[in-house]
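Some notes on the structure that comes next.
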Amino acid sequence: MTTDRLTENLLDALQAIPLIDPHSHIDPRQPVSRHLDDILGYHYYTELAHSVGMSHSPLKPDVPPHERVRAILQHADHLDNTVQYSWFVEIAREFLGWDGNGVSAADADRLIEAATRQFQAPDWEEQVFRRTNLQSIFLTNEFDDDLTGFDRRRYVPCLRTDTLVFHGDRPDVRQRLARVTGVEAGDEGSWRRALGRLFEKFVEHGAKACAISLPPDFAPTGPDQQPVFWMLAEFCRDFRLPFDLMIGVNRRVYENGVFQGQDLFDHRGSLLNYRRLFNAFADVTFCVSVLSSGMNQELVSHAWIFPNVVTMGHWWYSNVPAYIEPDLRARLQAVPKTKQIGYYSDAYKLEFVLPKYRMYRRCLARILADEFVRTHRLSEEQAIELGRLLLRGNVERIFGV
Amino acid sequence: MTTDRLTENLLDALQAIPLIDPHSHIDPRQPVSRHLDDILGYHYYTELAHSVGMSHSPLKPDVPPHERVRAILQHADHLDNTVQYSWFVEIAREFLGWDGNGVSAADADRLIEAATRQFQAPDWEEQVFRRTNLQSIFLTNEFDDDLTGFDRRRYVPCLRTDTLVFHGDRPDVRQRLARVTGVEAGDEGSWRRALGRLFEKFVEHGAKACAISLPPDFAPTGPDQQPVFWMLAEFCRDFRLPFDLMIGVNRRVYENGVFQGQDLFDHRGSLLNYRRLFNAFADVTFCVSVLSSGMNQELVSHAWIFPNVVTMGHWWYSNVPAYIEPDLRARLQAVPKTKQIGYYSDAYKLEFVLPKYRMYRRCLARILADEFVRTHRLSEEQAIELGRLLLRGNVERIFGV
Amino acid sequence: MTTDRLTENLLDALQAIPLIDPHSHIDPRQPVSRHLDDILGYHYYTELAHSVGMSHSPLKPDVPPHERVRAILQHADHLDNTVQYSWFVEIAREFLGWDGNGVSAADADRLIEAATRQFQAPDWEEQVFRRTNLQSIFLTNEFDDDLTGFDRRRYVPCLRTDTLVFHGDRPDVRQRLARVTGVEAGDEGSWRRALGRLFEKFVEHGAKACAISLPPDFAPTGPDQQPVFWMLAEFCRDFRLPFDLMIGVNRRVYENGVFQGQDLFDHRGSLLNYRRLFNAFADVTFCVSVLSSGMNQELVSHAWIFPNVVTMGHWWYSNVPAYIEPDLRARLQAVPKTKQIGYYSDAYKLEFVLPKYRMYRRCLARILADEFVRTHRLSEEQAIELGRLLLRGNVERIFGV
């Protein structure tokens, strides 16, 4: 993390590139925060506070937001070393006028006030877009989400399919599916009709990707084994939608964890499990995220060999500089530059796009400086162009935005 | 390993912190060396010398110690690149008045003499404690060890349970257990009574932890599968003892290896195997060491999510800077700082605490400098406090010493 | 990749050491290129170009070489970030008088011309040897290769055994084996006679190693399970040939990939699979390459413990600085220096030895500078000697060249 003039120059240039964020959990009707609780209620903070001793009580829905904020900040001094904490400090400094290098329990009231004041600005969403230098951001939509009523140049729909693939046999899911498609999905033919209508609807409403998160031992071996998943790949092909595969999450490993703070991974997953899928769908671009940094070399090698495999971002437990840096270095050295989607924020509120992307851009700037400019392989201008591809150019081309 | 002024300053400050070493194999009745053979007889040297061609003969018990030392040093020039060799040079320089940067076969006699002279000092144990800035050190006690006759403020007992869990069905083990507990362990009830008495005895005698080393494929799935192991966890809960899990060792892989130089690991282990245990014992603090650096990200993520999982040290095959640095960087970025036990020496003789901890502190100082101070996230003073937590503060709090 | 004076000095000294390259796919009767197509037809370029969209048509045998070159260079601007591309630029600069930092589609004709002119020099092979500072290079010979008609001081035969182990039951393989050995291999005894004759012939013709590439899940558990493989190990013992194990490749994962661009790996392999082999053949030196960087720590630990296990090079998907550097750092810290074969080129044409070794030596120089000289563990001269062992000394001793 040593800084130097060249790295700083590159970082400045990278920050000037307007972002297209290709994966988030933003609610386009509530994209920004209204209370500091919307920031600190992010599972990264609730789970870390819980991990150092906070009980579940402050997280109950009837607890007033400012009490929850106080409870979480009460634990800040146990976790102020983490990069997640540094995102919060960066949000406070960038958006709330905070001027310290840290925050503690004693700062809770002042921070709450500053946040409430700031977030009430009628143009707050605009301000966040502008200060973040954000142009547009992808959503994660359930198959029966309402895709109307928001600006689709800014908020790009994306069909999330976990529910269909892993819970397609549940009556409530089938009912919801019937409600939006008019088809009672049961046998292969009716599933195909239902999914076809879904894709039509999503594409009509500007969807630019299909996405799914998968457990480490998932192995798509063919239409007989995973019929719904396989059909989704077929529709991605037919509708020319990239298919985001987020590989490696085990759900509910920590059973008493906080909301969204129960999932972990198993480093023993392998992309070898996906060989039949990648071979069967040469025309589908698979944008692959891996949860375990230990799978990054497999990802690098698959993107190097398979024309239809693209590296995508640094996901969740791998989204810390200690893993971003080595993973990104390997990608930049061995994966064609047009096949790398550099980053996505995974954010639930827009305020997080800025600190997360800044963390990434610091890693990127340092690698560009050390591996490309200082070795005379690229000029500074060329290095910035390489960064632009990762931050934005490849997103535009691959997703067609 | 590049040094700079800031890193040096941090290193100096970290060296001034009195150590509490939470895991070793020290014999409290013979804690220091009496002959250079006690240093070079450490399995790190015998196995490395054997690995480059030394036969088993110099290791036979009837070989005079100075011949064994000569035989081992005879191979030094094959392995003087290793960090283990650098520990020896550091011991020679710090404790034996050696002033070279290396040692070779030709130095054997001079080193033996210097060691014999030095080790005869009547206050040698005191001297080593003082020069190492060591306050106290944990032991590894078999269940029938005599826990009396040594200073328990310095030498902290710890119940090692491998024998009970993996050889509890052997008649000799049951006899030893009966001898110390008065209980013939057979069915579940008698095992429970025997273990209960063991825990009582150990806690009465100042034990601060229960510990076990486990093979990579161990999967504690419940009391029916691993009844003794599960009971140990229950007693850790009832007696409020942390449970040190040292995960990943395969015993006797190299069948003709030297004593303690036969064990290896298999990088395919996963902490997912421990999900039931971690969920079942929310009140037990599990201090987890992993033998494979490839499991470090799982450890980081489990310690980030599970309140009862704590990272502990850099074990054996991961105890080289090439693995300590990336593993530690990830922990410092993503695990709450109060849930990290930085290091332990694993030493068999006290003289090794100094060079091993110094190696660790160099890694720590460099990361604190680059990731925290130079990025303006912490002041130098705050960085030192963070180091103090890892080196000592968390040991005090978690083990209650 | 930051350069500094000390690293540059070390690099200069390392470049002055004449190389013995212990693994390649050179054809000793066509060791150098005759057309730029011989360079850009290397699978690294065809597969990367294919990965960014090049069809199979330019690779058909009836396509004129210059058209193929143009087609591949047409895609250069998609992959000019890769280290493989940098090898090509280095070849152009070193051997073709190119003076730019990059090449693009527009340069195709000029490059083809320069290459054709250069490669026609009657002493081109000599020139490449001299400029590369190459002394000799190992071959990869099928069991029925003709081992006569080339200079065996330069081109060292090596018996490659994949075909025998994995396709020994195919009639055509048995016929070929019968042709060269005079033995119809069928039962154990006849296989043993056939292999014995093969080894005799190879050793008579100066072979210095037996080699095989193995899938990630290969587990040599004994003569009953893998009879041919086990016999090979026995003959290596009897004929005192090192056995190169190249562990981890899955063949034909990408079914429609270009020639030699279809293979991938699975990071879940483990050296634990080899425990019986390593124990059974104490007198055979196993020179082990791993395809997955995730297996490097296992390799380091096995070479540290097993006298007969030696680390060898950085293979294929691990042959990029992002993996070479951490893998090499760990080896230098924990494996006796006499048990490390630093590198091999794996080249198909001699022109690649220079850029690949230079990449490796840059990594080596940087680690020697930072970890050994700057920490005062070695003088510059000693660090160069350490480098010399890895680059050449260990190859001479272990393979007896």
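Residue numbers (the numbering used here), protein chains in the order written: chain V, 1 to 401; chain D, 402 to 802; chain G, 803 to 1203.
C-beta: ideal position from N, C-alpha, C; glycine also.
Write down the C-beta distance between LEU386 (chain V) and LEU328 (chain V) rounded to the nearest angstrom, noting that I regard them as a contact closer than 8 Å.
-> Actually they do not touch by this definition, with Cβ atoms about 12 Å apart.
Locate the alpha helix (DSSP H) running through SER702 (chain D), then write down its first and last residues.
-> Looking at the DSSP string, the run of the alpha helix (DSSP H) that includes SER702 (chain D) is 697-706.
For ASN657 (chain D), is the classification buried or exposed, using 16 other Cβ atoms within 10 angstroms of its Cβ as the cut-off for buried?
-> Counting the other CB atoms within 10 Å of its CB gives ASN657 (chain D) a total below 16, which places it among the exposed residues.
Residue burial classification, ARG778 (chain D) (beta-carbon count within 10 angstroms, cutoff 16) | With 16 or more other Cβ atoms within 10 Å, it is buried.
Among residues of its own chain, excluding the 5 on either side of SER780 (chain D), which ones have a beta-carbon nearer than 8 Å to its beta-carbon?
-> Sequence-distant Cβ neighbours of SER780 (chain D) in its own chain, meaning closer than 8 Å and more than five residues away, are VAL774.
Backbone CA spacing between ALA916 (chain G) and PHE1154 (chain G) [nearest angstrom] = C-alpha separation (whole angstroms): 17 Å.
Do the region 620-631 of chain D and the region 668-683 of chain D meet, that is, are 3 or more Cβ pairs less than 8 Å apart?
-> Contact between the region 620-631 of chain D and the region 668-683 of chain D is present, because at least three Cβ pairs lie under 8 Å.
Secondary structure of PRO18 (chain V), DSSP reduced to three states | In this structure, PRO18 (chain V) counts as coil in the three-state DSSP scheme.
Is ALA1136 (chain G) closer than 7 Å to VAL721 (chain D) when the C-beta atoms are compared?
-> For VAL721 (chain D) and ALA1136 (chain G), yes; Cβs fall inside 7 Å.
Kindly provide the ranges of any beta strand (DSSP E) runs that are 3 or more residues long and lie completely inside the region 220-297 of chain V, ordered along the chain.
-> The DSSP assignment places complete beta strand (DSSP E) segments of no fewer than 3 residues inside the region 220-297 of chain V at 243-247, 286-290, in order along the chain.
Check the C-beta distance from TYR1145 (chain G) over to TYR1162 (chain G) and give it rounded, since I have them as a contact under 8 Å.
-> In this structure TYR1145 (chain G) is in contact with TYR1162 (chain G), their Cβ atoms being roughly 4 Å apart against a cut-off of 8 Å.
Confirm, please, whether the CB-CB distance from LYS609 (chain D) to VAL796 (chain D) is below 7 Å.
-> Contact flag unset, no.
What's the gap between the Cα of PRO432 (chain D) and the Cα of LEU751 (chain D)?
-> Here the alpha carbon of PRO432 (chain D) sits roughly 6 Å from the alpha carbon of LEU751 (chain D).
List the endpoints of the continuous alpha helix (DSSP H) containing LEU966 (chain G).
-> 964-969 is the extent of the alpha helix (DSSP H) around LEU966 (chain G).
According to the neighbour-count rule (16 or more other Cβ atoms, all chains shown, within 10 Å of its Cβ), is GLY668 (chain D) buried or exposed?
-> The amino acid at residue 668 (chain D) is misidentified as Gly; the sequence shows His. Classification for HIS668 (chain D): buried.
Measure the C-alpha to C-alpha separation of TYR155 (chain V) and GLU126 (chain V) and round it to an integer number of angstroms.
-> When rounded, the distance between both Cα atoms is 13 Å.
Cβ of THR884 (chain G) within 7 Å of any chain V Cβ = Taking CB atoms only, THR884 (chain G) has a neighbour in chain V less than 7 Å away.
Counting only beta-carbon atoms, is HIS703 (chain D) nearer than 7 Å to chain G?
-> Closer than 7 Å to the CB of HIS703 (chain D) there is not a single CB belonging to chain G.
Between the Cα of ASN402 (chain V) and those of D:GLU601, D:THR541, D:THR739, spot the shortest distance and give me the residue it belongs to.
-> In the structure displayed, chain V extends from 1 to 401; residue 402 (chain V) sits before or after that span and is not available.
Within this structure, are the beta carbons of MET696 (chain D) and ILE742 (chain D) separated by less than 7 Å?
-> For MET696 (chain D) and ILE742 (chain D), no; Cβs fall outside 7 Å.
Using a beta-carbon distance below 7 Å, is MET43 (chain V) in contact with chain D?
-> Checking the sequence, you will find His at residue 43 (chain V) rather than Met. Using beta-carbon distances, HIS43 (chain V) does not count as an interface residue toward chain D, since no partner is under 7 Å.
Give the secondary structure of ILE874 (chain G) by DSSP, where H, G and I count as helix, E and B as strand, and everything else as coil.
-> In the structure shown, ILE874 (chain G) sits in a helix (DSSP, three-state: H, G or I).
Which chain D residues sit within Cβ distance under 9 Å of HIS50 (chain V)?
-> Neighbours of HIS50 (chain V) on chain D, chain order: ILE706, PRO708.
Select from the region 677-701 of chain D all residues with a C-beta closer than 9 Å to any C-beta belonging to chain V, and list them in chain order.
-> Here the close residues are PHE679, ASN680, ALA683, GLY695, MET696, GLN698, GLU699, VAL701.
Got a sec, what are the start and stop residues for the beta strand (DSSP E) VAL310 (chain V) sits in?
-> Element bounds for VAL310 (chain V): 309-312.
Report yes or no: do three or more beta-carbon pairs, one from the region 451-460 of chain D and one from the region 558-576 of chain D, lie closer than 8 Å?
-> When C-beta atoms of the region 451-460 of chain D are compared with those of the region 558-576 of chain D, fewer than three pairs fall below 8 Å, so the two segments do not count as touching.
Residue-chain proximity (GLN832 (chain G), chain D), Cβ-Cβ < 7 Å = No - not a single Cβ of chain D is within 7 Å of the one on GLN832 (chain G).
Examine chain G for any beta-carbon lying closer than 7 Å to the beta-carbon of VAL249 (chain V), and answer yes or no.
-> It does not; no Cβ of chain G falls within 7 Å.
For my contact list, PRO1029 (chain G) and PHE1201 (chain G) are in at a C-beta cut-off of 8 Å; report their separation, rounded to the angstrom.
-> For a cut-off of 8 Å, the C-beta gap from PRO1029 (chain G) to PHE1201 (chain G) is around 26 Å, too long to register as a contact.
When DSSP builds the beta bridges, which residues end up paired with ASN542 (chain D)?
-> Its beta-bridge partners are D:LEU560.
Three or more beta-carbon pairs under 8 Å between the region 20-38 of chain V and the region 142-158 of chain V, yes or no?
-> In this structure the region 20-38 of chain V lies against the region 142-158 of chain V, because at least three pairs of beta carbons, one per stretch, are closer than 8 Å.
According to the Cβ coordinates, are ALA770 (chain D) and LEU407 (chain D) closer than 7 Å?
-> Contact flag set, yes.
Flag this pair as yes or no: are the beta carbons of THR140 (chain V) and CYS158 (chain V) separated by less than 7 Å?
-> A contact, by the Cβ cut-off of 7 Å.
For THR1113 (chain G), decide whether its Cβ has a neighbour in chain C, counting only Cβ atoms nearer than 7 Å.
-> In summary, chain C is missing from the structure at hand, where the protein chains are V, D and G.
What residues in the region 751-782 of chain D have a beta carbon less than 7 Å from any beta carbon of chain V?
-> Cβ contacts with chain V come from ASP771, GLU772, ARG775, THR776, HIS777, ARG778.
Which stretch, first to last residue, makes up the alpha helix (DSSP H) that contains ASN913 (chain G)?
-> First, the amino acid is wrong: residue 913 (chain G) is Leu here, not Asn. DSSP places LEU913 (chain G) in the uninterrupted alpha helix (DSSP H) bounded by 910-921.
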